[in-house]
Amino acid sequence: MRWSQYFIPTLKESPADAEILSHKLLLRAGLVRKLTGGLYTFLPLGLRVLRKIENIIREEMNRAGAIEVLMPALQPTDIWQKTGRYETASDVLYKARDRSNKEWILSPTAEEVITTLAAGEISSYRQMPVNFYQVSVKFRDELRPRFGLMRAKEFIMKDAYSFDASDEDAMASYQRMYGAYARIFNRCGLRNFPVEADTGVIGGNLSHEFMVPAETGENDVVYCEPCGYAANIEKATSGIPKTAAREIGAGIEKFATPGVVTIEALSKPPFSVPANRQIKTLVYLADSQPVLALVRGDDQLNETKLMARIGAAAVRPATPEECVAALGARPGSLGAVANVPSSVKVLVDERLRGANDMTTGANEDGFHLRNVSIERDIKAAEWFDLRTVTKGEPCAKCGQPLKMQRAIEVGHVFKLGTKYSEKLHACFLDADGKSKPCVMGCYGIGVTRTMQAVIEQCNDKDGIVWPLAVAPYAVCITPLSVAKDSAVMQTAEKVYTELKDAGIEVILDDRDDRPGVKFKDADLVGFPLRVSIGEKSLAKGEVELKPRGGAITFVKAGDAVAKVREFLVARASETA
RNA sequence: CGGGACGUAGCUCAGCCUGGUAGAGCACUUGGUUUGGGACCAAGACGUCGCAGGUUCAAAUCCUGUCGUCCCGACCA
Numbered sequence: 009m010r011w012s013q014y015f016i017p018t019l020k021e022s023p024a025d026a027e028i029l030s031h032k033l034l035l036r037a038g039l040v041r042k043l044t045g046g047l048y049t050f051l052p053l054g055l056r057v058l059r060k061i062e063n064i065i066r067e068e069m070n071r072a073g074a075i076e077v078l079m080p081a082l083q084p085t086d087i088w089q090k091t092g093r094y095e096t097a098s099d100v101l102y103k104a105r106d107r108s109n110k111e112w113i114l115s116p117t118a119e120e121v122i123t124t125l126a127a128g129e130i131s132s133y134r135q136m137p138v139n140f141y142q143v144s145v146k147f148r149d150e151l152r153p154r155f156g157l158m159r160a161k162e163f164i165m166k167d168a169y170s171f172d173a174s175d176e177d178a179m180a181s182y183q184r185m186y187g188a189y190a191r192i193f194n195r196c197g198l199r200n201f202p203v204e205a206d207t208g209v210i211g212g213n214l215s216h217e218f219m220v221p222a223e224t225g226e227n228d229v230v231y232c233e234p235c236g237y238a239a240n241i242e243k244a245t246s247g248i249p250k251t252a253a254r255e256i257g258a259g260i261e262k263f264a265t266p267g268v269v270t271i272e273a274l275s276k277p278p279f280s281v282p283a284n285r286q287i288k289t290l291v292y293l294a295d296s297q298p299v300l301a302l303v304r305g306d307d308q309l310n311e312t313k314l315m316a317r318i319g320a321a322a323v324r325p326a327t328p329e330e331c332v333a334a335l336g337a338r339p340g341s342l343g344a345v346a347n348v349p350s351s352v353k354v355l356v357d358e359r360l361r362g363a364n365d366m367t368t369g370a371n372e373d374g375f376h377l378r379n380v381s382i383e384r385d386i387k388a389a390e391w392f393d394l395r396t397v398t399k400g401e402p403c404a405k406c407g408q409p410l411k412m413q414r415a416i417e418v419g420h421v422f423k424l425g426t427k428y429s430e431k432l433h434a435c436f437l438d439a440d441g442k443s444k445p446c447v448m449g450c451y452g453i454g455v456t457r458t459m460q461a462v463i464e465q466c467n468d469k470d471g472i473v474w475p476l477a478v479a480p481y482a483v484c485i486t487p488l489s490v491a492k493d494s495a496v497m498q499t500a501e502k503v504y505t506e507l508k509d510a511g512i513e514v515i516l517d518d519r520d521d522r523p524g525v526k527f528k529d530a531d532l533v534g535f536p537l538r539v540s541i542g543e544k545s546l547a548k549g550e551v552e553l554k555p556r557g558g559a560i561t562f563v564k565a566g567d568a569v570a571k572v573r574e575f576l577v578a579r580a581s582e583t584a
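Here this note's numbering is used: the first residue of the first sequence is 9, the next is one more, and so on.
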């Protein structure tokens, strides 16, 4: 490709609405342009990178035995209603109406469609295992689109769905995808690692996310280097000790705490109740029913864990008014000991098991209760892990201190079980003639997000440093003069033609610009190798090879093509 | 959805407080000089100051509303 005939609108300055580095570089290197918040046009170079990543994904999915299909982005609502996700995923669904006012859904994912396909097409265990995948545009009405392609309203996702006849087979399918994902992200040049994850609105019972470490990521990951444990903070557990039991004091005692409505205030004089001797009482509404979640005063509730435990379609924190309606008191004086209607579920964090000598709200504004012994005084409690792990706590597996890291989620694998196949009747006849629901798994990769994650991880002060496997072009030829019959341009044209004929992806910067402009642009865009051709070195019969971020080497002009191929082969073998 | 900031040329921004001729740098056009890390000189083109109301003799500037963008939050009682 000739640069002058192409479209690479680089920018010297970062547009004001880009906050993080990778977003700025996407715009500055001329890879994308924003249409409006969360919606981007891919320009030629950005599209090439996208295609590179897609191709890596296709190769590895095919290698893992998955089969490519393409499903509609516009989907009927009835199948979403059958799985219940018309309600549970309602927040992110883009809905559209046609001329007869019929409602449609713009696909945020495709479990409903693929399971409908399976329901019609799979009737025997002999047809499985089978794994369908597609690469397509997805739509999500994000709470807050941000950071360019990281969280967009419309994005490109690879989604795959496996169907198996048994749980063991489904596990094997899961492992195959897990392995394929590791290969995909490694080939993209990304440092990445898998972590245990919550299954959220998707459902299922086993899940891993593939994470790219980055301070700008939206996930917190807990990990243990010695034993390899790693989990999303939403899922992570630790071996932190339970609350120490003390001598059980006198019976429960109510005391006045006027104006004290926070853990912190109660921990100060005159009350001086340490946070770890307080019970934090949080009120949620699960499908309009109040639920109490109890964690220790110095712990944070992990809302994702709570959601998973409650299992209701819609869970949200109660408003102060709703707290009064449920318990008779406002936040700050709430508790699970006194005046709790029997209809109200009480979920208690495991760390509080056995705790006594605790203080909690009295469900009467301005009063608390002390000498509370949880297992004696809180009836009908259900025990779960509900707290959020913090850095430095002992690993549950090996006892070493846990570490924490911000990360970008680029892929997610789920073992779904039969949630969707049961609801959409994707059943088959087993060898013994019995009808059973298919056991499913689903597997997603954010293709556009992966692209930006690569930029976030691979850059320097001058711009992007593309890994060869996903670079828009492998080689940029930079003649310092473009005068038509100059020796420099003739050499550039010759090298260009030969590289092209050798099947190497090469761009010739034939713009009539000063060398500095071309160098800056080549660095900004981040081509892995630059071949610079100038009068001075050409007088010695030489051209320059400069790897992005590396040192210049001089080679004989006649050897240039061979040397370029050598470089590319060596570079390719580093990540293969 | 709540809080905050911001909307002025293609981009980055000044001007607004204290109302009175629409600005700079970069990019763009033409000519010339340059040519190994984002050149220089000269001339030029480019704006309903987001939009709609209001106040005023007069609004980019003050007021109200609205739309959009970005950031933080949306659990920790």
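The C-beta atom is built at its ideal place from N, Cα and C for all residues, glycine as well. Keep in mind the model is a prediction, meaning the values are calculated, not measured.
Rounded to the nearest angstrom, what separates residue i and residue j at their Cα positions?
i: Lys-423; j: Cys-446; result: 12 Å
i: Asp-172; j: Arg-66; result: 21 Å
i: Thr-289; j: Pro-23; result: 45 Å
i: Leu-377; j: Glu-226; result: 39 Å
i: Ser-275; j: Ser-174; result: 54 Å
i: Glu-261; j: Ala-333; result: 24 Å
i: Ser-98; j: Trp-112; result: 13 Å
i: Ala-439; j: Ala-126; result: 18 Å
i: Phe-140; j: Glu-129; result: 13 Å
i: Ala-264; j: Phe-375; result: 5 Å
i: Thr-96; j: Val-323; result: 10 Å
i: Pro-277; j: Leu-151; result: 41 Å
i: Thr-124; j: Ile-87; result: 8 Å
i: Leu-300; j: Val-352; result: 7 Å
i: Leu-214; j: Ala-180; result: 13 Å
i: Gln-408; j: Ala-238; result: 13 Å
i: Asp-373; j: Arg-414; result: 40 Å
i: Glu-143; j: Val-421; result: Looking at the sequence itself, residue 143 is Val, so the reference to Glu does not match. Looking at the two C-alpha atoms, the distance is approximately 16 Å.
i: Leu-53; j: Leu-78; result: 25 Å
i: Glu-574; j: Ala-559; result: 16 Å
i: Ala-26; j: Glu-417; result: 20 Å
i: Lys-564; j: Phe-535; result: 22 Å
i: Gly-187; j: Ile-61; result: 17 Å
Out of the options, state which residue places its alpha-carbon closest to the alpha-carbon of residue i.
i: Gly-259; options: Arg-154, Lys-469, Leu-34, Val-380; result: Val-380
i: Gly-441; options: Leu-101, Thr-91, Ser-132; result: Ser-132
i: Cys-235; options: Leu-432, Glu-543, Cys-406; result: Cys-406
i: Pro-523; options: Tyr-504, Thr-505, Glu-543, Gln-413; result: Glu-543
i: Gly-343; options: Thr-270, Val-138, Gly-247, Ala-294; result: Thr-270
i: Phe-219; options: Val-230, Val-203, Glu-233; result: In the sequence as displayed, the identity of residue 219 is Met instead of Phe. The shortest Cα separation from Met-219 among Val-230, Val-203, Glu-233 belongs to Val-203.
i: Ile-515; options: Ser-540, Ser-494, Ala-495, Lys-492; result: Ser-540
i: Arg-195; options: Glu-68, Glu-176, Val-145, Arg-304; result: Glu-68
i: Met-185; options: Gly-419, Pro-339, Lys-20, Lys-60; result: Gly-419
i: Leu-302; options: Phe-392, Val-496, Leu-488; result: Phe-392
i: Leu-19; options: Lys-32, Met-9, Gln-13; result: Lys-32
i: Asp-8; options: Glu-329, Arg-285, Ala-495; result: Residue 8 lies beyond the residue range present for the chain, which begins at 9 and ends at 584; the question has no answer from this structure.
Beta-carbon within less than 6 Å of residue i's beta-carbon, same chain only, minus the 5 sequence neighbours each way: which residues are those?
i: Val-100; result: Pro-116, Arg-148, Asp-149
i: Lys-526; result: Thr-486, Asp-517
i: Thr-456; result: Leu-157, Phe-163, Ile-164
i: Asp-520; result: Val-490
i: Ala-389; result: Val-354, Val-356
i: Arg-579; result: Leu-476
i: Tyr-182; result: Lys-423, Gly-449
i: Lys-42; result: Tyr-48
i: Ser-30; result: Gln-460, Ile-463, Glu-464
i: Ala-404; result: Thr-245, Ser-246, Gly-247
Report, in whole angstroms, the separation of the C-beta atoms of residue i and residue j, which I expect to be a contact under 8 Å.
i: Arg-56; j: Pro-480; result: 4 Å
i: Lys-431; j: Thr-85; result: Going by Cβ atoms, the distance from Lys-431 to Thr-85 rounds to 14 Å, so no, they are not a contact pair.
i: Ile-16; j: Val-533; result: 7 Å
i: Asn-371; j: Ser-341; result: 7 Å
i: Ala-168; j: Thr-251; result: Between Thr-251 and Ala-168 the Cβ distance is about 44 Å, and since that is not below 8 Å, they are no contact.
Using C-beta distances below 8 Å, list every residue in its chain close to residue i, excluding the 5 sequence neighbours before and after it, in chain order.
i: Thr-312; result: Asp-206, Gly-208, Glu-242, Lys-243
i: Leu-58; result: Phe-50, Ile-164, Val-455, Thr-456, Met-459
i: Phe-193; result: Asn-200, Phe-218, Val-220, Val-418, Gly-419, Thr-458
Keeping to the same chain, check which residues put their C-beta closer than 7 Å to that of residue i; ignore five residues upstream and five downstream.
i: Arg-254; result: Asn-364, Asp-365
**Report entry** Whole beta strand (DSSP E) elements within the region 164-219, 3-residue minimum
**Finding:** DSSP runs (the beta strand (DSSP E)) wholly in the region 164-219: 201-204.
Query - Ranges of the beta strand (DSSP E) found wholly within the region 56-135, counting only runs of at least 3 - result: Counting only runs of 3 or more, we get 82-84, 102-105, 111-114.
Requested in this report: Could you pull out every unbroken alpha helix (DSSP H) segment of at least 4 residues lying fully inside the region 512-543, listed in chain order?
Outcome: Within the region 512-543, the complete alpha helix (DSSP H) runs of at least 4 residues are 523-533.
**Report entry** Every unbroken beta strand (DSSP E) inside the region 320-398 [3 residues or more]
**Finding:** Taking only runs of at least 3 residues, the beta strand (DSSP E) segments lying wholly in the region 320-398 are 323-325, 353-357, 366-369, 375-380, 389-392.
Query raised in the report: In chain order, which alpha helix (DSSP H) runs of at least 4 residues are fully inside the region 429-474?
Result: Secondary structure remark: continuous alpha helix (DSSP H) runs of at least 4 residues inside the region 429-474, in chain order: 455-465.
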